[in-house]
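Visitor: Residue numbers (this note's numbering), protein chains in the order written: chain A, 1 to 306; chain B, 1001 to 1166.
Yeah, the Cβ is synthetic: ideal placement off N, Cα and C, and Gly gets one too.
Keep in mind that this is a model prediction, so the values were computed, not measured.
My structure is below; once you've seen it, I'll send some questions.
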Ligand code: SF4
């Protein structure tokens, strides 16, 4: 019985198919909101699904000069990392499938696997655009990763536990963390945008400068799997932030309402801002992001002591 | 009809559906006067919103399905055009936009011009005009997509009436 439960949670819910499908739907919603704010009609609801199927059925070209094993395996690692992270978050407002003390750290680093794989994939190709893209992707990883993690640790410190289920249980019974720790919320939200390489942090894949960044040489299946991984990461990131900062996700309806609301904020920010240069991104994160979160930490600690 | 064949039929249908609904473009100017390129960009702006058909402009030939070419092929750009075409993964389609792409147009007979697009790579759809309006470009794209959907043989011969558009 337990084995069946494990397989279901790995392949269908909350890992596997559910996350992939939900990720595609959230991606559509994101594009649709951006399109509406630009006064366009925007894509149809099945657009990301059609894109994914089309890419999966296309020819995959393995360019000269790459290591073919790495070329094939990096997208899989990226997707696997994202799907593993899904097992530890309260997906759809239900209990996480697995849970242990300190799973917050594991989840955040599982999410970073995607960016790491993208960076390595770019460095693997013998092509200048991929290389520039991968340098930028990894630089950006070092910029947002620390502030993002610190921002997620804010509620963890308040809850006195680094286990996602316990933190969620704490945030559900207290005032929204968004109000108690506004700085942490903003940093986490913007950190998520950096993680997903959404505008204004899309310089790693700036198509007006470096073609398509690190994934320039990927076609067909590899590209599709990276896309699916990004979608999965979008929904996991939204779940984490809503669970931590927006009063928890106690049931599927609240989950839907809160994550879609947060997504609308993300989409609005995306359509408002233009791309930052990579040095501006790094400067912003380390000069303001990290310092602000540390200030937030200091406030939490002081408040807890008194 | 046995089960594997039915299964394959269903898979083929899904594949075609996905292909028709998500044409990603790459745009290459092989020597045009830029008039056609401006019209193509106008097609992608919010006014005409090609994204509702699933159209997305891609930077890398590796990600694209449809190569949108404008202008006559000059000597210098012939190899590049060929290379971009070769870099695209199968299945790929080519759309020639504008009189110059179809027949050489105003640049016919220039010392540095080789000719029109289908002397270099096979073309699947022609969109006449100098330059064609965005509506015409969308119409051409929809015709290409309908041809893919119905499995109709894609036009490789240039229609006669387009030959006089010079
Ligand atoms: S068809 Fe007309 S607008 Fe287009 S490239 Fe030729 S001359 Fe320019």
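Closer than 7 Å by beta-carbon distance: list the chain B residues that pair up with residue 219 of chain A, in chain order.
Guide: Residues of chain B passing the Cβ test: 1062, 1063, 1089.
Visitor: If I follow the unbroken beta strand (DSSP E) through residue 1096 of chain B, where does it start and stop?
Guide: 1093–1097
Visitor: If we count Cβ pairs, one from each stretch, closer than 8 Å, do we get three or more for the segment 1111–1120 of chain B versus the segment 80–93 of chain A?
Guide: no
Visitor: Between the segment 1120–1138 of chain B and chain A, which residues of the former have a C-beta closer than 7 Å to a C-beta of the latter?
Guide: none
Visitor: For residue 1018 of chain B, which residues in chain A fall below 9 Å Cβ to Cβ?
Guide: 49, 50, 51, 52, 53, 54, 55, 56, 57
Visitor: Given a threshold of 16 other Cβ atoms within 10 Å of its Cβ, counted over all protein chains shown, does residue 268 of chain A qualify as buried or as exposed?
Guide: exposed
Visitor: Just curious, the beta strand (DSSP E) that residue 1029 of chain B is in, first and last residue?
Guide: That run of the beta strand (DSSP E) goes 1024–1029.
Visitor: Closer than 6 Å is what we want: which residues have a beta carbon that near any heavy atom of the ligand SF4? List them in chain order.
Guide: The chain-ordered list of residues whose CB is nearer than 6 Å to some heavy atom of the ligand SF4 reads B/1032, B/1033, B/1035, B/1036, B/1070, B/1071, B/1098, B/1099, B/1100, B/1105, B/1106, B/1130, B/1131.
Visitor: Check whether the segment 269–287 of chain A touches the segment 198–210 of chain A, counting contact only when three or more Cβ pairs, one atom from each stretch, lie closer than 8 Å.
Guide: yes
Visitor: Closer than 6 Å by C-beta to residue 185 of chain A: which residues in its own chain qualify, once you throw out the five before and the five after it? Chain order, please.
Guide: 178, 245
Visitor: Answer yes if the segment 145–165 of chain A comes into contact with the segment 95–104 of chain A, meaning at least three C-beta pairs across the two stretches below 8 Å, and no otherwise.
Guide: Yes, the segment 95–104 of chain A touches the segment 145–165 of chain A.
Visitor: Nearest CA to the CA of residue 164 of chain A: which residue from A/125, A/21, A/236?
Guide: A/236
Visitor: Let's test the definition: count the other Cβ atoms within 10 Å of the Cβ of residue 1101 of chain B and tell me whether it reaches 16, buried, or not, exposed.
Guide: buried
Visitor: Decide if residue 1164 of chain B is buried, meaning its Cβ has at least 16 other Cβ atoms within 10 Å, or exposed.
Guide: Only weak support is given to the placement of residue 1164 of chain B: the predicted model assigns it a pLDDT of 49, under 50, and the question is left unresolved by the model.
Visitor: Which word fits residue 30 of chain A, buried or exposed, when buried means at least 16 other C-beta atoms lie within 10 angstroms of its C-beta?
Guide: buried
Visitor: Jot down the residue ranges of each uninterrupted alpha helix (DSSP H) in the segment 161–222 of chain A, minimum 4 residues, whole runs only, in chain order.
Guide: 164–173, 177–180, 182–195, 207–210
Visitor: Is it true that the CB of residue 191 of chain A sits closer than 7 Å to the CB of residue 204 of chain A?
Guide: No, Cβ-Cβ distance for residue 204 of chain A and residue 191 of chain A is not below 7 Å.
Visitor: Got a sec: is the Cβ-Cβ distance from residue 275 of chain A to anything in chain B below 7 Å?
Guide: With its beta carbon at least 7 Å from every one in chain B, residue 275 of chain A lies outside the interface.
Visitor: Can you name the start and end residues of the beta strand (DSSP E) that residue 146 of chain A belongs to?
Guide: Under the DSSP assignment, residue 146 of chain A falls outside any beta strand (DSSP E), being part of the alpha helix (DSSP H) whose first and last residues are 128–159.
Visitor: With DSSP run on the structure shown, which of helix, strand or coil describes residue 1041 of chain B?
Guide: helix
Visitor: Under 7 Å, do residue 1063 of chain B and residue 1017 of chain B count as touching if we go by C-beta distance?
Guide: Result no, Cβ atoms of residue 1063 of chain B and residue 1017 of chain B do not sit closer than 7 Å.
Visitor: List, in chain order, every chain B residue whose beta-carbon is nearer than 9 Å to that of residue 223 of chain A.
Guide: 1062, 1063
Visitor: Kindly indicate the opening and closing residues of the alpha helix (DSSP H) around residue 1125 of chain B.
Guide: Taken as a continuous stretch (DSSP letters only), residue 1125 of chain B belongs to no alpha helix (DSSP H), being part of the beta strand (DSSP E) at 1125–1127.
Visitor: Residues in its own chain within less than 8 Å of residue 1119 of chain B by CB, not counting five upstream and five downstream?
Guide: 1073
Visitor: Pull up the distance between the alpha-carbon of residue 1004 of chain B and that of residue 2 of chain A, whole angstroms please.
Guide: 34 Å
Visitor: What did DSSP end up calling residue 1088 of chain B once you bin it into helix, strand or coil?
Guide: coil
Visitor: Could you tell me whether the Cβ of residue 1166 of chain B comes closer than 7 Å to any Cβ of chain A?
Guide: At residue 1166 of chain B, the pLDDT of 40 sits below 50, so the modelled position is not reliable; the number obtained from the coordinates is stated separately. Residue 1166 of chain B does not count as touching chain A.
Visitor: Under 7 Å, Cβ to Cβ, is there at least one residue of chain A near residue 1099 of chain B?
Guide: no
Visitor: Would you check if the distance between the CB atom of residue 49 of chain A and the CB atom of residue 24 of chain A is smaller than 7 Å?
Guide: One thing to note: residue 49 of chain A has its Cβ within 7 Å of the Cβ of residue 24 of chain A.
Visitor: Any beta-carbon of chain B closer than 7 Å to the one on residue 39 of chain A?
Guide: Yes, because at least one Cβ of chain B sits closer than 7 Å to the Cβ of residue 39 of chain A.
Visitor: Can you tell which of A/202, A/296, A/41 has the C-alpha that lies nearest to the C-alpha of residue 274 of chain A?
Guide: A/202
Visitor: Would you kindly check if the distance between the Cβ of residue 89 of chain A and the Cβ of residue 239 of chain A is under 7 Å?
Guide: Yes, the pair counts as a contact, with Cβ atoms nearer than the cut-off.
Visitor: Count the other C-beta atoms from every protein chain shown that fall within 10 angstroms of the C-beta of residue 144 of chain A, then say buried if there are 16 or more, exposed otherwise.
Guide: buried
Visitor: Run through chain B and tell me which residues come within less than 7 Å of residue 44 of chain A, C-beta to C-beta.
Guide: Within chain B, the residues placing a beta-carbon under 7 Å from that of residue 44 of chain A are 1052, ordered along the chain.
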